[in-house]
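Protein chains in written order, with the working numbering: chain V, 1 to 681; chain H, 1001 to 1281.
Think of the CB as a built atom: it goes at the ideal place given N, C-alpha and C, for glycine as much as any other residue.
As the structure is a prediction and not an experimental result, all values here were calculated from the model.
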């Protein structure tokens, strides 16, 4: 039985009707297209009355197929399909012909716009005639989430998801959770102590019944698909048994290697070879730095297992745990396999190192430091216990210069973007400085001051007006050493004059960059990243926490530069998405997926197994299937689509030379009918 | 050399290393050869080797009839060996399931085949055993290797269009080109798919065009230019001109030569951020 198709042409106000004669499009459809039994126009098809019209006419006219000629299917395909479902029509019998973006918006001549619209609607009608009803695919959901990264983004997401009653596995590659936020001194715009507000949350993570924490661990591989990811986590050997260790601190007190640059203190302070990164670390249990530990160095040199080295076993000897010591030099990496339903990526950022700019001393001047280093100087837990002192000689700087946009907004250094946080933290730095060095003077070189955010503008003004920081609009061309001083040469573009400041210390507001291994992480997770290697959100406005891979969400600075409030908000957003996903027992997936044909023996499939499809599939959805005879011998190896992983992009179908792959909803027959309808009319 | 080849074949068959040897035998006239499939050691004298061994025997690696004979040893020239590499890369045969019996070659055909003029693989780049004196593979420049396109590329776009229309007019849709091609290995060719019928099977202008263009596209970035399609074409269509042009584009844009190195990733299914993007406008 032939289909009864209804064509609904939308005016979109005048968006479409100004350049397309919508009445004529409807008339042509009704008069000439085979299968069309009803055609009309309406001012706004997406409006409630518009949808009602669609529903009513499906019922009254007994329509079995619908073409809505309107905007891009990206906008309202779901709207119209949902409307049709209410009348009992299968949603995949409803198609959208895009006559707005493709006709009215790109044509000025109404006759041309109309002619093209008529063609497009005819093509879509031909496709609709061959539409088949499709049923949503149901996949089960594993009610457990993985959070990658234990900074504030990962902590927030993990806590929210866990509070929602779901199991969470939190993986952190460092020895402790906390991330960059733990390194900060005070936070803008309220100047409350960063660690004071963060550490309670870290403790919550450690104590939460629903959270399993893996520190000193990394995600090795991710397989599977939304609702059903298979994750392998590598627990790196930390040479300390976490179950036995009580964190008594005896070991790191006796460790003889005391001059190792502390990563947590950004190289400004020292740590031992067996260490906890900072006093409030979670877990508060040490790890051995095998690069620097005397025992491991000796073992490497002699090529013997570390437990056989006798060079230094002070930490082992002092460990009070008995009868089995908590120190275990022979410990090896362990791989843990877990199944999760959703993943939150919160891998954070790294600061642009300060050796990038030759004109700023290329990292050779000890007193030219980065913003993060200043945070450590200003922090009560830092190497100077919160006193602002020059790294070179420990003197208090009386004149300090802050330079904004170091790396940021500088395509020459690979960061064309604004790092967003630097204006605010520089204003904060000037205040912290003034609060500690009352007689000192702070200068700030800036390009623009960008302080969008609640109470942000006021905060920045306070730095200038109340705390007396001198803001100079212009860039610094050079810094050079003159005796103990650093001469800063810059421009003040507002007065049009050259400025030369003899400073004691210079702080660079360095750009926020993607992590060095962001691309590797992206490939492991099959998610997309942008030119700066920040992970891409699915839609810049409407889907800001979803990655390009269904079931994987983004939180924090791994997606782009962000401050703490924004990071926390996004993390909670990602957590909400995860909870929505984990709240159902089964997931409904779009049935628009590819399928490799299967035929009766002796052919089995026209697939010849060249596996080009497997190589081009961005989602890893193509598997190899061995077709076996009864005796178990392999007759042929062909491609098969994993329904859970397939996103329906159609690359496999396009690549297949023998046309053995079909994409549901976009079958060869449908596409062929569309093309043919243009050629012959 | 013939003796060495026969001896090696006999050895392989006697030791049961292989079940069959694909080689060249004498043809009906002295300037002809034909493929032979030796399954018994006592038959190895049927094998021959001379300058008329133009064919690319690797086409028999794809055929059901010859596959049934068991594990083959295949006699390949430098050019033919490239096909074996592509077949391995495209999962059509496993490396361990074929014994590659390489022969060194200074060019075949009387007069010398066009492909031999642009040859820089006189010694195969992959083999299990090599028969014949090892010949130095002289590296040819990009331009030298694609010299046969010089005349063609001088034509205007319109001229090329008219040229091919005229050539394809001659096509009788015998599909000899696809049958002989070692890389046309699909069980069901796109031309045999009739729901929908993408390519009109009758021999008229429109179907001829879509068939010949589709065939060439399906070989883009894969064809090793053995020229077998052109050799067997009863209508004398210069098919390899199309293949060669596409090969040139593949090398120019993706720095890829099919079958040249077994470790190279296939150009047509590999994404590389450094790929030439100039065509995106």
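Whose Cβ in chain V lies nearer than 7 Å to the Cβ of residue i?
i              : result
residue 1185/H : 608
residue 1170/H : Residues of chain V passing the Cβ test: none, with the nearest at roughly 25 Å.
Does the beta carbon of residue i come closer than 9 Å to any beta carbon on chain H?
i             : result
residue 657/V : yes
residue 19/V  : no
residue 681/V : Model confidence at residue 681/V stands at a pLDDT of 46, short of 50, so the residue's coordinates are unreliable and nothing is read from them.
residue 316/V : no
residue 497/V : no
residue 672/V : yes
residue 709/V : Because chain V in this structure spans residues 1 to 681, residue 709/V falls outside the shown range and cannot be described.
residue 694/V : Residue numbering for chain V in the displayed model covers 1 to 681; residue 694/V lies beyond these limits and cannot be assessed.
residue 660/V : yes
residue 637/V : yes
Which residues in chain H have a C-beta closer than 8 Å to the C-beta of residue i? List them in chain order.
i             : result
residue 131/V : Those within 8 Å of residue 131/V in chain H number zero; the least Cβ separation is about 15 Å.
For residue i, tell me which candidate among the options has the shortest Cα-Cα distance.
i              : options                           : result
residue 243/V  : 286/V, 219/V and 233/V            : 286/V
residue 689/V  : 1268/H, 1275/H, 1281/H and 1216/H : Lying before the first or after the last residue shown, residue 689/V is absent from chain V, which here runs from 1 to 681.
residue 107/V  : 20/V, 149/V, 52/V and 30/V        : 20/V
residue 478/V  : 488/V, 471/V, 484/V and 470/V     : 488/V
residue 422/V  : 388/V, 437/V, 465/V and 375/V     : 375/V
residue 1165/H : 1205/H, 1195/H and 1050/H         : 1205/H
residue 224/V  : 141/V, 178/V, 25/V and 271/V      : 141/V
residue 131/V  : 677/V, 663/V, 674/V and 670/V     : 670/V
residue 38/V   : 525/V, 65/V, 49/V and 50/V        : 65/V
For residue i, which residues in chain V fall below 9 Å Cβ to Cβ?
i              : result
residue 1270/H : 615 and 616
residue 1204/H : Simply none; closest approach about 15 Å.
residue 1266/H : 612 and 615
Buried or exposed for residue i, please, with buried defined as at least 16 other CB atoms from any protein chain shown within 10 angstroms of its CB.
i              : result
residue 202/V  : buried
residue 549/V  : buried
residue 633/V  : exposed
residue 1230/H : buried
residue 667/V  : buried
residue 681/V  : Bear in mind that a pLDDT of 46 at residue 681/V, under 50, signals an unreliable position, so the number given afterwards is only what the model happens to contain. Residue 681/V comes out exposed.
residue 1182/H : buried
residue 1226/H : buried
residue 136/V  : exposed
residue 693/V  : Residue 693/V cannot be examined here, being either before or after the span of chain V that is shown, 1 to 681.
residue 438/V  : exposed
residue 1029/H : exposed
Against residue i, what residues of chain H qualify as contacts under a CB-to-CB distance less than 9 Å, listed in chain order?
i             : result
residue 669/V : 1195 and 1196
Quick check: is the beta carbon of residue i nearer than 9 Å to any beta carbon in chain V?
i              : result
residue 1092/H : yes
residue 1278/H : no
Cβ of residue i less than 9 Å from any chain B Cβ?
i              : result
residue 1190/H : Any reference to chain B falls outside this structure, whose protein chains are V and H.
For residue i, go through chain V and note every residue whose CB falls closer than 8 Å to its CB, in chain order.
i              : result
residue 1218/H : 657
Going along chain H in order, which residues have a C-beta closer than 7 Å to the C-beta of residue i?
i             : result
residue 603/V : 1187
Can you find at least 3 beta carbon pairs, one from the region 56 to 67 of chain V and one from the region 75 to 91 of chain V, that sit closer than 8 Å?
-> yes
Kindly confirm or deny that the region 1016 to 1027 of chain H and the region 155 to 168 of chain V touch, where touching means at least three C-beta pairs closer than 8 Å.
-> no
Do the region 316 to 323 of chain V and the region 117 to 124 of chain V meet, that is, are 3 or more Cβ pairs less than 8 Å apart?
-> no
At least three beta-carbon pairs within less than 8 Å, the region 1241 to 1254 of chain H to the region 1170 to 1179 of chain H = no
Touch test, the region 1252 to 1260 of chain H against the region 1081 to 1101 of chain H, Cβ-Cβ under 8 Å, three pairs minimum | yes
Given 8 Å as the limit, is there contact between the region 552 to 569 of chain V and the region 141 to 153 of chain V, that is, 3 or more CB pairs closer than that?
-> yes
Any contact of the region 227 to 244 of chain V with the region 335 to 353 of chain V, i.e. 3+ C-beta pairs under 8 Å?
-> yes
Are the region 602 to 622 of chain V and the region 184 to 199 of chain V touching by the rule of at least three beta carbon pairs closer than 8 Å?
-> no
Cβ pair count under 8 Å reaching 3, the region 1073 to 1080 of chain H against the region 1048 to 1058 of chain H = yes
With a cut-off of 8 Å, do at least 3 Cβ pairs link the region 1024 to 1035 of chain H to the region 1202 to 1219 of chain H?
-> no
Is it a yes or a no for the region 37 to 45 of chain V touching the region 9 to 24 of chain V, going by three-plus beta-carbon pairs under 8 Å?
-> yes
Taking three-plus beta-carbon pairs below 8 Å as touching, is the region 512 to 522 of chain V in contact with the region 393 to 403 of chain V?
-> no
Spell out a yes or no on whether the region 363 to 380 of chain V and the region 260 to 272 of chain V are touching, meaning 3 or more CB-CB pairs, one atom from each, closer than 8 Å.
-> yes
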